[in-house]
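Take a look at the structure below.
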Amino acid sequence: MLRHLCAADVGPADVGPSETWGVLYVASLCWLLCLSRWWLLPESRCVPCVAMLDTNLSILCWNVRGLNCPDRRAAVHETVASSSCQLVCIQESKLQSIDLFLAMYLGGQRLKSFAQRPADGTKGGILLLWDDSAVTVSNVQIGAYFLSATVAINNYGDDKSFKLTTVYGPTRSIHKEAFYLELISEKPPPGTKWLVNGDFNQIYRARDKNRANVDRGRLVRFRNALNNCELKEIHMQNRRFTWSNE
Numbered sequence: 001m002l003r004h005l006c007a008a009d010v011g012p013a014d015v016g017p018s019e020t021w022g023v024l025y026v027a028s029l030c031w032l033l034c035l036s037r038w039w040l041l042p043e044s045r046c047v048p049c050v051a052m053l054d055t056n057l058s059i060l061c062w063n064v065r066g067l068n069c070p071d072r073r074a075a076v077h078e079t080v081a082s083s084s085c086q087l088v089c090i091q092e093s094k095l096q097s098i099d100l101f102l103a104m105y106l107g108g109q110r111l112k113s114f115a116q117r118p119a120d121g122t123k124g125g126i127l128l129l130w131d132d133s134a135v136t137v138s139n140v141q142i143g144a145y146f147l148s149a150t151v152a153i154n155n156y157g158d159d160k161s162f163k164l165t166t167v168y169g170p171t172r173s174i175h176k177e178a179f180y181l182e183l184i185s186e187k188p189p190p191g192t193k194w195l196v197n198g199d200f201n202q203i204y205r206a207r208d209k210n211r212a213n214v215d216r217g218r219l220v221r222f223r224n225a226l227n228n229c230e231l232k233e234i235h236m237q238n239r240r241f242t243w244s245n246e
């Protein structure tokens, strides 16, 4: 399955083997001069390109498997506080409402601004936290399976903005097609940089699955959706899957 953004596994020490946490990834984004659309998959390096600007932005992306537990909230708070991220993308919050108090606790001293896609009951939920001294976030849009926004880096004369889309894809097969169509509908105009991250709950090639039972029809439809979006994969390093120990 396609999950999150970049490499560096983090998990609280007191989580037992029966409670599997989402894997945490941190990415350093390099600005592209020649590539208008890009898609980050689990990876611990910058986007490859012919020429890059000298602007770096750190993003933390994490499926936390629920923020309704005090221990998990504390783990997120401690991880964010110990990182240098300017943006945090959280999936599967499992919360219908996140107030300012909780958002500021999770984001710590630096990440004081937030936007959310509420959970459906206890399912899904997306939270975006950011450091407004480093970036300006605007044009927040919320869909059934995504949260999108325009992100601009502060204190730069040239345009250093891009569209950020964080997704939490459906787990049930009957909702997959709607997810693909919604992702395609988020494709920005030509010339706009686009970063898509999150938990897609879906693979787009057979070798990304560690079992033989692959729904190839659904795989092809997802890959077609990615192609329609003109998104490009960044391959993962140092592990085979983002969602297991292999």
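Note that full-length UniProt numbering gives residue 23 to position 23 of the sequence shown, counting from 1, and the numbers run on in steps of one.
We put the CB at the ideal spot given by N, CA and C, even for glycine.
The structure displayed is predicted, hence computed values, not measured ones.
Minimum C-alpha distance to residue i - residue among the options
i: PRO118; options: ARG216, ARG221, LEU147; result: LEU147
i: GLN141; options: ALA103, ALA115, GLY108, VAL88; result: ALA115
i: LEU67; options: LEU57, ASN56, SER97, SER82; result: SER97
i: LEU102; options: LEU60, HIS77, VAL137, ASN213; result: HIS77
i: LEU95; options: ARG72, SER133, GLY108, VAL80; result: ARG72
i: VAL137; options: GLU92, ASN213, LYS160; result: LYS160
i: ARG221; options: PRO188, ASN213, TYR180; result: TYR180
Cβ shell of residue i (< 8 Å), same chain only, five flanking positions each side left out
i: ILE184; result: ALA225, ASN228, CYS229
i: ASP215; result: SER173
i: ARG218; result: SER173, LYS176, GLN202
i: GLY108; result: HIS77, VAL80, ALA81
i: SER133; result: ARG110, ASN154
Residues of its chain near residue i, where Cβ-Cβ distance is below 7 Å and the 5 sequence neighbours each way are ignored
i: SER36; result: Low confidence applies here, because SER36 scores a pLDDT of 35, under 50, leaving its location unreliable; read the following figure in that light. PRO190, GLY191, THR192, LYS193.
i: THR171; result: ASN201
i: ASP131; result: GLN86, ARG110, LEU111
Same chain only: Cβ atoms within 6 Å of residue i, ignoring 5 sequence neighbours per side
i: ASP120; result: none
i: ASP199; result: ARG3, ASN63, GLN91, TYR168
i: ARG223; result: TYR204
i: SER113; result: TRP130, ASP132
Distance cut-off 7 Å: residue i Cβ against heavy atoms of the ligand MG
i: LEU67; result: With respect to small molecules bound, the structure shown includes none, and the ligand MG cannot be examined in it.
Bounding residues of the beta strand (DSSP E) (the contiguous stretch that carries residue i)
i: CYS85; result: Run containing CYS85: none; DSSP gives neither H nor E here.
i: THR166; result: 161-168
i: ARG117; result: 113-117
i: GLN141; result: 135-142
i: LEU195; result: 194-199
i: ILE203; result: No beta strand (DSSP E) holds ILE203; DSSP gives it neither H nor E.
Limits of the alpha helix (DSSP H) - the one that residue i falls within
i: LYS176; result: 176-185
i: GLY217; result: 216-229
i: LEU100; result: 100-107
Rounded distance between the beta-carbons of residue j and residue i, thought under 8 Å
i: ALA149; j: LEU164; result: 5 Å
i: LEU106; j: LEU128; result: Not a contact, Cβ separation roughly 11 Å.
i: LEU60; j: SER83; result: 6 Å
i: GLU182; j: ALA144; result: 6 Å
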